[in-house]
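What follows is a set of notes on a single structure, which appears directly below.
Residue numbers (our numbering): 19 to 175.
Below, the structure is given as structure tokens:
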């Protein structure tokens with residue numbers, strides 16, 4: 019069953035695995051604004067561009083008091099390789115195969131491409147305010163210019 023969350027709702031507090039084998043939850047960022055960007059797969063063109071764009075602006079997000087977190091269902095090992103290969107400064111986390119944060123948000127869903135049906139991540143970004151509530155959502159994100167748009171919204175929050 020897909021549950022959908024909207025602006026004003028508390029972001030679900032489901033643990034995600036970090037590349038170093040630890041875990042991270044939304045509640046770990048309480049008292050701080052947070053951008054959580056969900057993307058389909060490490061080392062694909064759009065996902066690489068998105069992660070690099072957020073990395074390029076990380077200093078500005080830091081200055082605005084905004085934490086960043088990229089999430090996909092890739093393994094922690096794949097995240098380690100992705101971070102190293104592209105010199106990413108943006109923290110990444112792995113969502114659970116089933117029952118994870120993307121499932122709760124309704125963005126792990128059935129997709130169709132070239133006649134093939136499969137489960138996949140809908141590229142979506144959430145801006146979470148300092149008390150853990152969703153302040154803004156970008157659905158079906160187009161990568162070009164997205165990180166800049168999110169930065170402006172985060173600075174205005």
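Think of the CB as a built atom: it goes at the ideal place given N, C-alpha and C, for glycine as much as any other residue.
Because the structure is a prediction, the values reported are computed rather than measured.
Between the Cα of residue i and those of the options, spot the shortest distance and give me the residue it belongs to.
i, options, result
"residue 86", "169, 175 and 174", "169"
"residue 171", "121, 143 and 139", "143"
"residue 48", "64, 135 and 29", "29"
"residue 104", "133, 117 and 69", "69"
"residue 173", "153, 119, 121 and 158", "153"
"residue 91", "113, 81 and 73", "113"
"residue 162", "35, 36, 64 and 50", "64"
"residue 26", "122, 155 and 160", "155"
"residue 160", "34, 66 and 35", "66"
"residue 35", "80, 79, 119 and 81", "119"
Roughly how many whole angstroms lie between the Cα atoms of residue i and residue j?
i, j, result
"residue 52", "residue 93", "22 Å"
"residue 14", "residue 71", "Here the chain has residues from 19 to 175 only, and residue 14 is not among them."
"residue 138", "residue 55", "15 Å"
"residue 146", "residue 24", "11 Å"
"residue 127", "residue 140", "7 Å"
"residue 19", "residue 117", "Confidence in residue 19 is poor, its pLDDT being 39 and thus under 50, which makes the residue's placement too unreliable to answer from."
"residue 148", "residue 41", "20 Å"
"residue 22", "residue 157", "12 Å"
"residue 95", "residue 73", "19 Å"
"residue 124", "residue 136", "15 Å"
"residue 77", "residue 131", "36 Å"
"residue 175", "residue 80", "14 Å"
"residue 121", "residue 37", "20 Å"
"residue 46", "residue 82", "18 Å"
"residue 50", "residue 164", "21 Å"
Please report whether the beta-carbon of residue i lies at a distance below 8 Å from any beta-carbon of chain C.
i, result
"residue 23", "No chain C appears in the structure shown, which is made up of a single protein chain."
Just confirm the distance between the C-beta atoms of residue i and residue j, as a whole number of angstroms; I'd bet it's less than 8 Å.
i, j, result
"residue 44", "residue 150", "6 Å"
"residue 166", "residue 75", "7 Å"
Original post:
Are at least three pairs of beta-carbons, each pair with one atom in the segment 55-62 and one in the segment 94-109, less than 8 Å apart?
Top reply: A contact exists between the segment 55-62 and the segment 94-109.
Subject >> Contact the segment 106-116 vs the segment 69-88: 3+ CB pairs below 8 Å >> reply: At 8 Å Cβ cutoff, the stretches touch.
**OP:** Kindly provide the ranges of any alpha helix (DSSP H) runs that are 4 or more residues long and lie completely inside the segment 89-121, ordered along the chain.
**Re:** Here the runs fully enclosed are 94-104.
Subject >> Residue ranges of each alpha helix (DSSP H) within the segment 32-76, 4 or longer >> reply: Runs of the alpha helix (DSSP H) inside the segment 32-76: 63-74.
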